[in-house]
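Everything on this sheet refers to the single structure shown next.
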Amino acid sequence: MAKISYLTVGSNHLDKAKAFYDALLATIGMAPAHEHASGGRLYRGKGTGLFGVLGPYDGNPACVGNGMMGGFDFETREEVDAFHAKAIALGATDEGAPGERMPGVYFAYFRDLDGNKLCGYKFG
Numbered sequence: 009m010a011k012i013s014y015l016t017v018g019s020n021h022l023d024k025a026k027a028f029y030d031a032l033l034a035t036i037g038m039a040p041a042h043e044h045a046s047g048g049r050l051y052r053g054k055g056t057g058l059f060g061v062l063g064p065y066d067g068n069p070a071c072v073g074n075g076m077m078g079g080f081d082f083e084t085r086e087e088v089d090a091f092h093a094k095a096i097a098l099g100a101t102d103e104g105a106p107g108e109r110m111p112g113v114y115f116a117y118f119r120d121l122d123g124n125k126l127c128g129y130k131f132g
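Read in order, the letters of the sequence shown are residues 9 to 132 in this note's numbering.
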């Protein structure tokens with residue numbers, strides 16, 4: 009199962025973003041935990057951290073952080089593959105197909121519907 013500590017991404021299209029993350033995060037045992045005042049949503053799973061898709065606190069439009077990326081730590085390469093495939097099936101953009109980046113380091117990258125870059129990975 010994936011591990012994450014705490015990560016939020018911004019969205020200007022919260023209804024679409026929540027539908028995307030409801031479906032994607034359900035595949036790794038995370039479910040909606042709290043409706044945020046911005047119109048966004050926070051997610052948790054058993055033994056996991058917190059993930060949120062939110063409207064920005066300052067009221068300005070959400071924008072993609074250039075060089076920002078969040079990662080989900082998986083126990084197997086197959087889980088990385090499935091997470092990446094699900095994101096793509098939900099409309100995410102491939103930013104790097106699953107594969108070994110160096111010996112024992114396996115990553116898969118995608119951008120969500122708002123352009124936020126995320127990855128699934130497995131060390132070892």
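Cβ coordinates follow ideal geometry from the N, Cα and C atoms, glycine included.
Should residue i and residue j be called a contact, given that it needs their Cβ atoms to be closer than 7 Å?
i: Leu121; j: Ala25; result: yes
i: Phe118; j: Glu103; result: yes
i: Arg85; j: Tyr114; result: yes
Would you say residue i lies against chain C (beta-carbon separation less than 7 Å)?
i: Pro69; result: Of the protein chains in this structure there is only one, and it is not chain C.
Report, in whole angstroms, the separation of the C-beta atoms of residue i and residue j, which I expect to be a contact under 8 Å.
i: Met77; j: Leu126; result: 7 Å
i: Tyr29; j: Val72; result: Actually they are not in contact, since the Cβ atoms of Tyr29 and Val72 sit about 16 Å apart, beyond 8 Å.
i: Glu80; j: Gly132; result: One point to set straight first is that residue 80 is Phe, not Glu, in the sequence displayed. Not a contact, Cβ separation roughly 16 Å.
i: Leu15; j: Gly63; result: So it is not a contact: roughly 16 Å between Cβ atoms.
Using the rule of at least 16 other Cβ atoms within 10 Å of the residue's Cβ for burial, across every protein chain shown, is residue i buried or exposed?
i: Gly48; result: buried
i: Gly18; result: buried
i: Val88; result: buried
Q) Just checking, does the region 52-69 make contact with the region 33-41 on the three C-beta pairs under 8 Å criterion? A) yes
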